[in-house]
Each structure stands twice: as structure tokens, then as C-alpha cells.
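Under the numbering used here, the first residue of the sequence shown is numbered 858, with each subsequent residue one higher. Where a beta carbon is used, it is the ideal one built from N, C-alpha and C, also for glycine.
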Amino acid sequence: MSEDDIIIEADAAAEVSVPAGGDANSRIVDQPNGTKTLFLVHPIPQRFRSPNGTERDEMIKELNFRRVTLGDLTAMANIKSEGDRLMAIFVRLTGQAQRVLEKMDAEDVAAAEGIVDGFLPSSLKEQTGLK
858 MSEDDIIIEA DAAAEVSVPA GGDANSRIVD QPNGTKTLFL VHPIPQRFRS PNGTERDEMI
918 KELNFRRVTL GDLTAMANIK SEGDRLMAIF VRLTGQAQRV LEKMDAEDVA AAEGIVDGFL
978 PSSLKEQTGL K
């Protein structure tokens, strides 16, 4: 485990260790390239299967969000449901599969919404419904 690893104890209340440059209260770290990393209070369990059939379990402990592009906004234009819009933007910005993000805890979803909100100027928040 390196100095940048996040530590979460599974048997106790979740503890988050945020690397230098991060805000322990928000669990969000601004990256030099303009992206943001969200350290999850409630990691997402994920099972992987290799081509030879062996399986391994891992926990997704952080999500990296890239900045919003015009293509993202265009993709959101015809999505009516607020929940579907939120899922679609999370999938697009993190590169994670929907089936993985569906397992996000509500506390982590709220923090992720804050990241998306921070990427959008107020004029676009109302137009896209991503507020």
C-alpha cells in the first residue's frame, strides 16, 4: 500500500484517509489536469472474472471524474428523468459501468453530484437539468 492509498475499515464506521491536497470533509481531491477524485465512504464491491475463469473481488474506493464536455451536455438533452440524467452523466464522466454505479451509497452519490455541479456554470445547470 502506498502513501496515496485510501484506507477504509470494513468492520467499523468508514474512515477515509485523503491524500495531500484533499479536503477530508468533502473527500474530493482536485487533480492538476482539472479532474476530481472522490474517495468513497462506502466502497463499491466488484467481482472480476479473468478469461481463464478465475474470479476475484475488489472494492472500488474512489471515482475519478473528468470535466464536462459539450458532448456530455448534448447526450443529456433528451433524457427526461432526473435520475437517468444523473446516472448517464456519472457513467460518462467516470467511465464506470452503470451496473457498478448502481451500487453507490446515497452519501457518495450526494458528493458526486457536488462534483458535477462544480463543473457546470449556473446557466448550464438549469438548461441541462443537472442541478
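Each residue's CA atom was taken as its position, placing Val-886 and Leu-895 some 7 Å apart. Restricting attention to Thr-951, Val-966, Met-916, Arg-913, the CA atom closest to the CA of Thr-926 is found in Thr-951.
Annotation: the continuous alpha helix (DSSP H) that includes Arg-956 extends over 955-958.
In the same chain as Ile-936, and ignoring 5 residues on each side of it, the C-beta atoms closer than 7 Å to its own belong to Arg-942, Ala-945, in chain order.
Judged by DSSP secondary structure, Arg-949 falls within the alpha helix (DSSP H) whose first and last residues are 939-951. DSSP places Asp-914 inside the beta strand (DSSP E), whose first and last residues are 912-922.
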